[in-house]
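Chains A and B, in that order, are what the protein sequence lines are. For the first sequence, the numbering used here gives the first residue as 84, with consecutive numbering after it. For the second sequence, the numbering used here gives the first residue as 952, with consecutive numbering after it. Even for Gly, the Cβ is constructed at its ideal location relative to N, Cα and C. Since this is a predicted model, take the numbers as computed values, not measurements.
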Amino acid sequence: MSVIIYTEISKGKIKKSSLEAVNYGSRIAAQLNTTAVALIAGDTDAIADLGKAGAKKVLKLKNDKLANLDSQYLTAAIEQAAAAEGASVIIFSHDFTGKAIAPRLAARLKAGMVAGAIDNPVISGDSFTVKKNVFSGKATAEYKINSAKKVISLLPSSFPVVLTDNTAETADFAVNLDNVNSLIKVKEVKQDTSELNLADAEIVVSAGRGLKGPENWGMIEDLAKTLGAATACSRPVSDMNWRSHHEHVGQTGLAIRPNLYFAIGISGAIQHLAGVNGSKTIVVINSDKEAPFFKSADYGIVGDAFEVVPKLIQAVKNFKAGHN
Amino acid sequence: MKILVCISNVPDTTAKISFANNDTSFNAAGVQFIINPFDEWYALVRALELKETLGGTVTIIHVGAADSDATIRKGLALGADDAVRIDFEPNDSFAAAEQIAAYAKDKGFDLIMAGKETINYNGAMVGGMLAELLNLPFVSMATKLDMNGTTATIEHDIDGGTEVVECPLPLILSASKGMAEARIPNMRGIMAARTKPLTVVPAAASDKLTTVMAYKLTAGRTDCKFVDAATPEKLIELLHTEAKAL
Ligand SMILES: Cc1cc2nc3c(=O)[nH]c(=O)nc-3n(C[C@H](O)[C@H](O)[C@H](O)COP(=O)(O)OP(=O)(O)OC[C@H]3O[C@@H](n4cnc5c(N)ncnc54)[C@H](O)[C@@H]3O)c2cc1C
Ligand SMILES: Nc1ncnc2c1ncn2[C@@H]1O[C@H](COP(=O)(O)O)[C@@H](O)[C@H]1O
């Protein structure tokens, strides 16, 4: 018996969303009186972080075919590790990787799955009750998992990462993929060059049609840079190609939950809110005091973005200078 | 090319959400339903574009009760050739995937497309589960799809960037933004949809792996605190001392 957590490396380190998942899985393991086992493919100097996050054991998945995000290879690898460890609970992060493999693994194991958990499961006997967001954050639902095997993917940024001085025993785990023949060939990987990944960013500066045109994004980027924030936009802005579609947040774009979200010249349509209302603190800057976004904001400034934003950049610079 | 597009029936994006039966089910009274935007804008429209350039057929499939038929007809109005409704109300994504797999397994579809996720239950699971149940390759979160003979070239989102993959048909993908531009059905399409075949298929065996115990509306935010536009430094101060966000 054990709890398995699938983890990944990004830019040489363990992904933050993976550390969150290890924290989560180790809390479940503690409740079940069993071991938290982290799986990882690839190498990093930061492997000790998996132990610090709560794993008692780390299995390094060994097979060259695991270098890319391939649902058939990774499903087989995790299935083999879970069988070897006698694991009935398998944890992922609900990030792009989790969305690509967790459902496939759940279907293979006939495991009940909850995608995008936002809280620790309530465990009673063999049954887990897991809370998740539904209706794009307008409500939550509690799912009871009826099957013996369970797959849960944790919504990123649901819990802060906690690291202790715990250490994990590390071992190689040879994965046999001789009978798995994926027909998917990776032709090209385009790494996001911006330093900050929108999905993981603690602070996000987002702007909408109120900015009038792509040439006006300089000040948005400046504000983001000063704050150490990622940039985002509303749907019409990406539809008109003012910004890349990767920046589109909302119901039909990316759902994000940063610690701090700035919405500048965005009206606050319900479909936009659906992707950002999980943010901890929301600041709205809009020239129209009746803009609906103010009803979903913690702080608001009624004013012209072209006047407010440059002043705000200066204010952040002064603040940073005073707090270094 | 024989394409199957999975569509789900969801409350309109502006619908007011409420629950019934002691908060154990969605209250559909007075709610307008639409095709899940990811299924319509990105999967179905791209399927129709491929059919228009390469030939073939586009079938839409939905797992649900008869009250979904109006939504299915909208998919036919957009240009799908025919529709299948599996007469079963799934309680989770796996239950939907099981039904679709049971129907599709011996029909010889070259390409099966699902949306990235439904906007009501936000699962993002059906595509991957279907791929497993049908033992097919799966490409998640596709943002671009081109065909070259019987090989698909797909761009898709991965953590920290995008990846371009190639895969021979048959395969399954989940569609995200970028695949196509939304279309509006025209009068001819709407008229034609009335007579296009909508086959109702009885449900296959189903596993009930999860049960929803209760729904709860998310609490909104309390009053917004306004800061004068002339003094944005006040905002920074509040973000630091009060919100502890800086
Ligand atoms: C099915 C569906 C799905 C959708 N999904 C999404 C989604 O995922 N994400 C999304 O964002 N939208 C989505 N939309 C679109 C959404 O309904 C709105 O149309 C969109 O969010 C509006 O974008 P906006 O706020 O940038 O523009 P607008 O609504 O045009 O608002 C611009 C705002 O800027 C303000 N403004 C103007 N000038 C200034 C100035 N000088 N300084 C400060 N403020 C100024 C205005 O007062 C106004 O409030 C969806 C719509 C549908 C139907
Ligand atoms: N009841 C259903 N009938 C047909 N397709 C569905 C159904 N539910 C979900 N899907 C498809 O699966 C995708 C992902 O759904 P989900 O995994 O439930 O978020 C949707 O975008 C649809 O394409």
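| Query | Result |
| --- | --- |
| Every unbroken alpha helix (DSSP H) inside the region 954–1035 of chain B [4 residues or more] | 996–1005 and 1020–1029 |
| Range of the contiguous beta strand (DSSP E) that encloses residue 258 of chain A | Run containing residue 258 of chain A: none; DSSP gives neither H nor E here. |
| Cβ-heavy atom distance, residue 243 of chain A to ligand 2, below 8 angstroms | no |
| Inter-residue Cα distance where the pair is residue 78 of chain A and residue 162 of chain A | Any answer about residue 78 of chain A is impossible in this case: the structure gives chain A only from 84 up to 407. |
| Proximity test, residue 214 of chain A beta-carbon vs ligand 2 heavy atom, cut-off 8 angstroms | no |
| Closer than 8 angstroms: residue 1191 of chain B CB and nearest ligand 1 heavy atom | no |
| The region 1184–1195 of chain B in contact with the region 351–359 of chain A per 3-pair CB rule at 8 angstroms | no |
| Chain D within 9 angstroms of residue 1073 of chain B, Cβ atoms only | Looking at the structure shown, chain D is missing, and the protein chains on hand are A and B. |
| Endpoints, the alpha helix (DSSP H) within which residue 1192 of chain B is located | 1183–1192 |
| Local Cβ density within 10 Å of residue 987 of chain B, reported as buried at 16 or more and exposed below that | buried |
| Own chain residues within Cβ distance below 7 angstroms of residue 376 of chain A, not counting five before or after | 346, 349, 350, 351, 367 and 369 |
| Chain A residues whose Cβ lies nearer than 9 angstroms to that of residue 1172 of chain B | 360, 365, 378, 379, 380 and 381 |
| Check whether residue 1112 of chain B and residue 99 of chain A have beta carbons under 9 angstroms apart | no |
| CB of residue 1156 of chain B within 9 angstroms of CB of residue 1047 of chain B, strictly | no |
| Residues that residue 1119 of chain B bridges to, as DSSP identifies them | B:1102 |
| Contacts around residue 1148 of chain B, its chain only, beta-carbon distance under 6 angstroms, and the 5 residues preceding and following it disregarded | 1033 |
| Host beta strand (DSSP E) of residue 206 of chain A (start-end) | 205–207 |
| Best match in A:371, A:270, A:136 and A:126 for proximity to residue 242 of chain A [C-alpha to C-alpha] | A:136 |
| Sequence-ordered residues whose beta carbon comes within less than 5 angstroms of a heavy atom of ligand 1 | A:291, A:292, A:293, A:317, A:318, A:319, A:333, A:334, A:335, A:336, A:348, A:349, A:350, A:352, A:354, A:355, A:369, A:370, A:371, A:374, A:387, A:388, B:964 and B:988 |
| Any C-beta of chain B under 9 angstroms from that of residue 314 of chain A | no |
| Nonlocal neighbours in the same chain, by C-beta distance under 7 angstroms from residue 199 of chain A, ignoring five residues either side | 177, 215, 216, 236 and 238 |
| Other residues of its chain near residue 1044 of chain B: CB distance less than 6 angstroms, five sequence neighbours each side excluded | 1074, 1076 and 1077 |
| Residue 285 of chain A vs residue 337 of chain A beta-carbon contact at 9 angstroms | no |
| Inter-residue CB distance, residue 1031 of chain B and residue 956 of chain B (contact presumed, cutoff 8 angstroms) | 7 angstroms |
| Reduced DSSP category for residue 1142 of chain B - H, G, I as helix; E, B as strand; rest coil | helix |
| Boundaries of the beta strand (DSSP E) in which residue 91 of chain A is found, first to last residue | Neither: residue 91 of chain A is in no beta strand (DSSP E) and is coded neither H nor E. |
| Alpha carbon of residue 254 of chain A to alpha carbon of residue 185 of chain A, nearest angstrom | 23 angstroms |
| For residue 1153 of chain B: DSSP bridge partner residues | B:1038 |
| Residues bridged to residue 331 of chain A (per DSSP) | A:316 |
| Delimiting residues of the alpha helix (DSSP H) encompassing residue 1044 of chain B | 1044–1055 |
| Interface positions of the region 1089–1102 of chain B facing chain A (Cβ-Cβ less than 9 angstroms), listed along the chain | 1089, 1090, 1091, 1092 and 1094 |
| Chain A contact for residue 1064 of chain B (CB, 9 angstroms cutoff) | no |
| Expected contact under 8 angstroms - CB spacing of residue 179 of chain A and residue 1109 of chain B to nearest Å | 5 angstroms |
| Minimum Cβ-Cβ distance from residue 1028 of chain B to chain A less than 9 angstroms | no |
| Closer than 8 angstroms: residue 172 of chain A CB and nearest ligand 2 heavy atom | no |
| Reduced DSSP secondary structure (H/G/I, E/B, other) of residue 247 of chain A | coil |
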